[in-house]
Each structure stands twice: as C-alpha cells, then as structure tokens.
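Numbering (my numbering), first residue to last: 150 to 283.
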Amino acid sequence: MDCIFCKIVNGAIPAKKLYETQNSLAFLDAFPLARGHTLVIPKNHYDKVQKMNPQDNSDLFEVVRIMAGRLESIAPSVLIAVHNGKESGQEIPHVHVHLIPRDPSDGAGPVHSMFSKRPSFDENEFEKIVKIIK
C-alpha cells in the first residue's frame with residue numbers, strides 16, 4: 150500500500166514517535182501548525198473513522214486522551230481535529246487525529262471561523278435533517 154502513515158507504522162519512513170500502543174501510534178506532525186502538533190493514527194489502515202473496528206477506535210481515542218494531557222505541557226489548550234473524508238479536508242486517506250497545542254497568541258480561531266458561508270435553517274429544515282440522520 151502506498152500510504153505514508155502505513156509506511157510510518159511499518160518503519161519504512163521515520164517519524165518522531167511520542168507514544169505507541171499495540172493498535173495506535175502518536176508522532177509529531179512533519180508539517181506542524183504549532184509547536185508540539187501531534188498526529189495519532191490507528192496502525193491498521195482505515196480511510197474513515199466509521200470504518201474502524203471498535204477495538205482500534207477505542208484505543209485510538211484513548212491515545213488521543215493521553216496525548217492531549219501531555220501536550221498541555223506545551224500550551225494551555227489542545228485543538229483535537231479529525232478530517233473524515235476528502236471533502237472535509239482530509240489529505241491523507243488514513244484516519245488521523247490532529248492534536249494542536251493552542252494559546253491566545255497563535256492567531257487561529259475557533260472551528261466556526263473556517264466557514265464563511267454558514268447556512269441558516271428554520272425549524273422545518275432542522276426536523277428534516279434529524280429524520281435523514283436518524
């Protein structure tokens with residue numbers, strides 16, 4: 150498989166590893182947005198979170214929890230982000246969780262600042278959306 154994250158898992162590409170379990174790996178992002186920007190990935194290849202098996206999912210998010218705590222030694226807060234599919238901004242089709250240390254001087258805003266074209270829904274439309282998703 151020609152997946153950069155799978156190559157990191159199997160040792161073909163080096164990474165600055167921070168934490169590892171049987172199912173997950175945390176390492177520094179090679180193109181960081183902030184000091185300490187970390188990626189947490191499942192060792193098995195999945196392109197989307199909903200395709201993960203329960204054991205890999207549980208392990209991945211336990212590592213996210215552990216690493217978020219450790220990154221508070223770098224900054225007071227940590228942004229936890231998952232781009233789940235190409236349209237959401239996922240550039241590498243292997244599940245990965247970004248842990249980005251945040252502080253008031255970093256210049257980044259909340260997730261809502263990413264969307265300049267925000268929809269407005271009336272109660273009817275909200276109900277339609279609920280029915281579709283349920």
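Every residue, glycine too, gets a C-beta built ideally from N, C-alpha and C.
Model, not experiment: these values are computed from the prediction.
- Counting along the chain, I190 sits inside the beta strand (DSSP E) bounded by residues T187 to P191.
- The DSSP-derived three-state label of L182 is coil.
- In chain order, L182, A183, H186 and L228 place their CB closer than 6 Å to the CB of I249, counting only its own chain and leaving out the 5 sequence neighbours on each side.
- Between the C-alpha atoms of K235 and I153 there is a straight-line separation of about 16 Å.
- Secondary structure in the segment 175–261: the alpha helix (DSSP H) runs of 4 residues or longer, each lying completely within the stretch, are 203–220 in chain order.
- Taking a 10 Å sphere around the C-beta of D208, we find 16 or more other C-beta atoms and assign the residue as buried.
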